[in-house]
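1 is the number of the first residue of the sequence shown in the UniProt record's numbering; add one for each residue after it.
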Amino acid sequence: MAEVRPFLSLKWKLLLSVLSLMTVLTLSLGWFASRELSQQQGFLLESQQNGLQQNLNNVIHQAVDHAVDSVQQLVILYEQNEAIADMENHWADVQLRWGISALGILGRAGEPSYFLGAAPGASEKAWFERWSRASVPVWRIHCNSRCLLQVQVPMLLNKQQVYFFIESELTSILANFRSQESFELAVLGSHSEHPIANAYWGRQLHSISNRTRSEPLLRQAAANWRWDEIVAGNSLYQIGDAPYAIWRFPLDQSVDGPALLVISNLVEWHQLLKQFQQSMLGLLLISLLLTALLLSMFAWSPIARLEGHVKALPLLAERRFDEVRHRLKPMQNWWQDEVDLLNGATLGLTDRLQSLEQDVSDYTRELQRLAMLDGLTGLPNKAMLLHELNKAIACMGRQQDRVALLFLDLDEFKRVNDALGHDQGDELLKIIAERLTNSVRAMDTVFRQGGDEFLILLRGIGEEADVRRVIHKIFAGLQQPVVLGNHKLIITTSIGVAFCHSPSLRAEELIKHADLAMYQAKAAGRSNFRIFNEDMLLQANNRLMIEQDIGSAIAEHQLRLFLQPIVSIADGKLKGFEALLRWFHPKRGLIMPANFIPDIENSDAIIEVGNYVLAEAVQLLQRLKHKDWGELYIAVNLSARHYLAPGLAEYIRSLLLGNGISAKGLLLEVTEESVIEQVDKAMEVMAELKALGVRIAIDDFGTGYSSLSYLKQLPFDVLKIDRCFTSGIQENDADTHIVTTVIDLAHNLGRTVVAEGVESELQYEFLATAGCELAQGFLLAKPMDEHRIMSVLDSIHDSRRWPREDMPSLLAKLGT
């Protein structure tokens with residue numbers, strides 16, 4: 001029995017929904033308006049503060065300019081043989097004319113030779129001495145018992161360099177700044193750690209405008225807010241019943257120096273803001289009520305008519321079409337509305353439903369047919385593949401011929417699709433589908449898996465050669481040039497082949513086998529094919545196991561570093577080690593890097609492993625440093641994916657800082673392919689690493705396809721000769737010339753050379769003659785664990801020379 005749920009009429013739902021929506025809109029508009037007003041308030045306060053700062057700077061600079069003008073007039077008087085000393089008799093007139101409180105003349109050493117007004121104190125003398133060599137006017141604001149603007153002006157007097165000192169009351173200067181009565185000013189002295197009378201925030205109050213009204217405000221502000229909150233500014237401070245803006249303007253460049261406070265009453269602006277908010281709230285509430293009233297007036301009747309539709313529509317499911325027409329007779333309204341349109345649409349639907357019953361069955365059959373075809377190429381799709389493949393496998397028990405499945409993946413199709421656009425890519429797929437159809441036998445079927453993947457079911461296969469003939473015909477057909485617009489393309493594909501030998505094999509398994517073989521073919525390069533074997537399945541399972549276990553290997557420190565020494569060929573001294581990774585799996589034992597690194601190098605796991613090796617290497621450098629081997633470096637191999645991953649330089653920087661290791665102890669080895677494939681990104685990463693001080697080596701040089709024009713631009717430090725060239729020294733003329741050429745090339749670029757795979761004295765002596773700086777290989781030592789390395793280092797601590805001649809006996813003592 002169906003659950004009976006409570007009923008609520010649509011008209012009530014509509015009314016409640018609209019009222020809820022209006023309420024939300026009202027609150028949202030109110031919130032946005034409030035936020036906008038708050039932002040405007042901040043902008044207003046900031047603008048007013050900037051204007052006051054500009055006015056204050058102008059007033060002070062005008063006072064300084066006035067002092068300089070006064071000095072120039074004094075010099076003119078002196079040059080006209082009017083004695084400056086007579087000013088002492090007219091000092092009061094001079095003070096009134098020029099608005100100054102003290103005047104002095106200083107010698108080149110800053111010693112006062114003439115002074116009118118208050119005698120200079122220790123602070124003034126120190127200031128004189130500090131600026132006694134100044135060639136331009138200097139000034140400062142100094143507060144002691146009162147705040148003064150002091151200006152020192154260099155002048156020539158009787159062909160002698162002298163300095164005029166003029167002092168003015170700050171209060172008279174600030175009188176010009178306070179050109180309006182809308183704010184009050186307070187001058188505070190420098191911050192003091194000792195108690196001061198009449199002080200606020202540890203600063204003495206030197207002067208204040210409108211003291212009877214302003215000082216109580218200042219007292220309340222000091223009691224309620226810290227000095228750093230006042231310095232932040234651009235905030236409203238509620239003092240009593242009124243909001244105020246308080247701005248602090250420093251009067252010198254020191255943090256705790258004297259400051260000017262501007263106190264502005266914003267009560268009128270705040271009242272206007274409240275009136276605006278109240279008006280807006282009232283308007284929104286009225287709008288809400290009017291909306292509810294109008295909705296009730298106009299929506300009630302149409303919704304009632306909808307109830308008739310609710311009762312009539314279920315009759316359509318019962319095919320009672322005439323009764324529906326009777327219930328929904330059209331009404332003759334002067335103005336039509338949506339309910340009238342719904343009424344007409346329902347009657348039209350009734351007519352359509354009667355005629356569609358037969359059409360539905362026809363369309364169903366057509367859809368079943370189309371469901372088995374690809375919409376773009378017209379080829380059978382994957383659903384049809386499974387159907388046909390299951391049929392072909394089932395027939396194997398009654399026929400001697402085998403079934404083969406080809407899995408095709410176009411090479412570089414994504415690049416072509418991105419370059420030419422999806423429309424052109426679709427046209428290319430149609431052309432390929434046609435060529436594939438023409439390349440197979442009449443009994444074979446081509447399917448489209450999706451994207452750029454196709455499958456071909458080959459029936460009646462007697463021997464493997466039959467499949468190879470079909471494959472070569474496919475390669476030949478696809479490699480014919482394709483012209484798309486102005487572009488001429490050569491298309492290739494990678495093919496995986498899977499044979500079905502048993503009728504018990506499921507279709508999905510055969511597709512999986514062909515897919516695995518296709519990936520092997522793609523790894524071998526363009527226009528290749530591979531036939532599935534059980535080893536591929538084992539490799540896939542092994543890859544899955546590696547991906548699942550590598551996280552535990554990192555967390556449980558199953559990965560360990562083995563070190564192979566790198567030795568100076570010239571003097572035999574040890575220079576560093578190359579870190580080589582070993583995986584000690586708890587179940588599978590020792591796993592060498594070649595058996596697991598290729599399985600993870602295209603996933604994020606390779607970055608996790610690389611970060612783990614970097615961390616272990618830096619910690620090992622720290623332990624070497626503690627054993628007085630701080631000059632050694634460790635070379636760490638980085639994969640291309642890890643090298644180009646974001647955040648590598650920052651991660652290395654944190655490791656070096658966290659372990660207190662110099663960046664020169666780390667050498668990062670990258671292959672030439674990883675650098676050249678994305679040379680711009682590689683150079684950017686190299687620049688970041690070089691900025692840290694980390695050195696970079698190009699590993700396996702000569703085995704890739706690096707361009708010398710790019711190579712000379714790369715800021716690497718070390719070039720490593722691959723062992724495939726070192727092993728052929730003086731046995732193969734080509735390898736010998738290659739090694740010599742690489743050494744000369746590196747030296748011309750100002751780089752150091754390391755030869756890998758040195759295994760004989762003959763190779764070692766040749767490298768020494770050729771000028772190669774460093775060597776590593778089995779001649780010196782095989783990779784060893786940290787314990788054995790530390791034991792060898794203890795034995796050569798004084799000489800620093802790697803004991804390559806004594807290594808067998810030394811390793812025997814160590815139990816190797």
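In this text, a Cβ means the ideal position worked out from N, Cα and C, and glycines have one as well. Remember, it's a predicted structure, so these values are computed and weren't measured experimentally.
Touching by the beta-carbon criterion (3+ pairs, under 8 angstroms), the segment 387-396 and the segment 454-470: yes
Start-to-end residues for the alpha helix (DSSP H) that takes in L668: It is not in any alpha helix (DSSP H) - L668 instead sits in the beta strand (DSSP E) that spans 666-671.
When R788, E731, I743 are compared against Q763, the one with the closest alpha-carbon: E731
Buried versus exposed call for F32 [16 or more other C-beta atoms within 10 Å across all chains shown]: exposed
Three-way DSSP call (helix, strand, coil) for P314 in this model: helix
Nearest-angstrom beta carbon gap, E578 and I566 [assumed within contact, 8 angstroms]: 6 angstroms
According to DSSP, residues forming a beta bridge with residue 817: It is not possible to answer for residue 817, since the shown part of the chain is limited to 1 through 816.
Exposure of R402, with buried meaning 16 or more beta-carbon neighbours within 10 Å: buried
A404 versus H501: straight-line alpha-carbon distance, rounded: 9 angstroms
D549 CB to nearest heavy atom of the ligand ATP below 7 angstroms: Of the ligands one can find in the structure shown there are none, so the ligand ATP has no counterpart to examine.
Exposure label - F701; buried when at least 16 CB within 10 Å: buried
Straight-line gap, V675 to L590 (C-alpha atoms, nearest Å): 31 angstroms
C-beta contact flag for G693 and H642 at 8 angstroms: no
Residue range of the beta strand (DSSP E) that includes H585: 574-585
K512: first and last residue of the uninterrupted alpha helix (DSSP H) it sits in: 507-523
Segment limits, alpha helix (DSSP H) that includes A442: Segment: none, A442 is in no alpha helix (DSSP H) and carries neither H nor E.
Cβ separation of F454 and L436, assumed to be a contact under 8 angstroms, to the nearest whole Å: 6 angstroms
Reduced DSSP secondary structure (H/G/I, E/B, other) of A134: coil
N748, enclosing alpha helix (DSSP H) - first and last residue: 733-748
Contact between the segment 623-637 and the segment 665-672 (3+ Cβ pairs under 8 angstroms): yes
Spatially closest choice to N210 from G647, F183, A67, by CA coordinates: F183
CB contact below 8 angstroms: L714 versus chain D: Protein chains in the displayed structure number just one, and chain D is not present.
Cβ-based neighbour list, L484, same chain, cut-off 8 angstroms, excluding 5 preceding and 5 following: L420, Q424, E427, L428
C-alpha distance - K488 paired with V482, whole-angstrom precision: 6 angstroms
The beta strand (DSSP E) enclosing K720, as first and last residue numbers: 718-721
Residues near N602 in its chain [Cβ-Cβ closer than 8 angstroms; skip 5 each side]: R641
Of the residues R133, A476, E547, Q278, the one placed nearest F596, counting alpha carbons only: E547
Beta-carbon separation (whole angstroms), V68 vs V153, contact threshold 8 angstroms: 5 angstroms
The segment 286-294 contacting the segment 213-224, beta-carbon criterion three pairs below 8 angstroms: no
Sub-8 angstroms separation of G777 and E756 beta-carbons: yes
Whole-angstrom C-beta distance between G496 and R530, which should lie under 8 angstroms: 6 angstroms
CA-to-CA distance, P803 to I796, given in whole angstroms: 8 angstroms
Short Cβ contact (8 angstroms threshold) for I173 with I60: yes
Beta-carbon proximity of L149 to A63, cut-off 8 angstroms: yes
Three-state secondary structure (DSSP) of I491: coil
Status (buried if at least 16 other CB within 10 Å, exposed otherwise) for D599: buried
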